[in-house]
Structure formats: C-alpha cells, structure tokens
Amino acid sequence: MRKIAKLLLTSLLLLGVLWTIDVIRDRQTLSRELIRLHVVANSDSEEDQAIKLRVRDAVTAYLQENMSGITDQETATLFLQQHIPELTQTANQALEIAGSADRAEITLAREAFPTRQYDTFSLPAGVYESLRIRIGAAEGKNWWCVVFPSLCFQAVGEDFTDTAAGAGFDESLTGALKGEETYQVRFFFLDCLGWLQNFFEQF
Numbered sequence: 003m004r005k006i007a008k009l010l011l012t013s014l015l016l017l018g019v020l021w022t023i024d025v026i027r028d029r030q031t032l033s034r035e036l037i038r039l040h041v042v043a044n045s046d047s048e049e050d051q052a053i054k055l056r057v058r059d060a061v062t063a064y065l066q067e068n069m070s071g072i073t074d075q076e077t078a079t080l081f082l083q084q085h086i087p088e089l090t091q092t093a094n095q096a097l098e099i100a101g102s103a104d105r106a107e108i109t110l111a112r113e114a115f116p117t118r119q120y121d122t123f124s125l126p127a128g129v130y131e132s133l134r135i136r137i138g139a140a141e142g143k144n145w146w147c148v149v150f151p152s153l154c155f156q157a158v159g160e161d162f163t164d165t166a167a168g169a170g171f172d173e174s175l176t177g178a179l180k181g182e183e184t185y186q187v188r189f190f191f192l193d194c195l196g197w198l199q200n201f202f203e204q205f
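According to my numbering, the sequence shown is numbered sequentially starting from 3.
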C-alpha cells in the first residue's frame, strides 16, 4: 500500500513539475513573440484623450496596411525599427490634423506591462517588446494593444484563435488568453510569473 501511495505521490509531483515547466514555456513564448503597442496621452483632459485615440487610429491603420504580410516576430521587430521615422510622421500628422501643437516620440524597447483585459482576450502581466508612443508631456492615461501578431484587431473569437495559432501559440496558451474556464488556473500562474518578471525588471 505504501509503495502505491509513494508511486502516486511521485507521479503527481512529476506531473506538477511538467505542468509548471509548460507554463514557464508559455510565459517565455508571450515575452518572445508579442510586440505590444503603448500610446500615452499628453494629459487626462478630455481633449488630449480624444487626440490620443486619433493618433492610435492613424498608427494602427499604417501598421495594418504595411505589416499584413509579416509572419514572424523578428521580421516585425526589424520592420518597426526601420520605420520609426514614418510612424512618427504618421502620428504627428494626426496631431496636426487634430489641431494639436504636441509632438509624438516613438521608441521600440522592452517594457513592463500590467495585466490587461480586451474585448475577446486577456494578456498577463510581464515584460514585452513595446512600440511606445509618447504624446507631448506623456502624463495622461495609456492605451494598450498588440502590434504583432495583430490580436487586438481580431474582434471575434475564431479570428483570434486563428491569429494566435499563426503566431505559434498552442491550444492551452490560446485558451488561457481567451479566458476559457479549463485554462483559468493556467492564466493565473502566467500572470503571477509576469508580475515577478516586472518586479525583477526594476533592478
């Protein structure tokens, strides 16, 4: 009886270790494969917040038009690095059309993000590659999304699943991001790992 109990305990521990390794692998996939979009408004005034969305719309339209054929993160990163001047020009044109004297500053770098819920999916906290657009003093509320893969522009569940699969996300990771009940514990641990990643990023 003791041998059976030890065997069961060992099996459970082994399954737990394998599951934990799999979750860590998912966390690494998110950090490695996603490029986030982070738009920071000049201030929290109603006008500046509206202008932020106009800049967002102009930049995301440019990205959708010019990045539709890109299928891997490395190529997407290279494209963004090479087109920061054009992206900055696009953002500044949107500001001028809106009648704003502010200017946009765009950078591409690693950045810590909190947990974020969107219409059809959620992203755990963690450090991600980020295309960051700072408008004017950049003291207003943020707007977050995903540049690559273009998850935020997939409004329905099936499109999101297809886009996530195309980015190399397996069923369990996709299910966790979509909030499926079976994978809620998985998302919780992904989020915990992300907060730990954010904490150590400070040092």
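We put the CB at the ideal spot given by N, CA and C, even for glycine.
Grab the span of the beta strand (DSSP E) containing I53 for me, first residue to last. It is not in any beta strand (DSSP E) - I53 instead sits in the alpha helix (DSSP H) that spans E48 to M69.
Answer yes or no: do Q51 and A63 have a C-beta to C-beta separation smaller than 7 angstroms? no
Helix, strand or coil: which one does DSSP assign to S174? helix
How about E203 and V129: are their beta carbons less than 7 angstroms apart? yes
What residue from R4, R27 and K5 has the CA that sits closest to F189's CA? R27
Flag this pair as yes or no: are the beta carbons of I53 and A100 separated by less than 7 angstroms? yes
Terminal residues of the alpha helix (DSSP H) in which G196 lies: Q186 to E203
Taking buried to mean at least 16 other C-beta atoms within 10 Å of its own C-beta, is I135 buried or exposed? buried
Pair within 7 angstroms by beta-carbon distance, F191 and F162: no
Compute the Euclidean distance between the alpha carbons of I108 and S132, then round it to the nearest angstrom. 10 angstroms
Please name the residue or residues paired with I137 in a DSSP beta bridge. A106
Determine the direct distance from the alpha carbon of Q75 to that of F150, and round the result to whole angstroms. 7 angstroms
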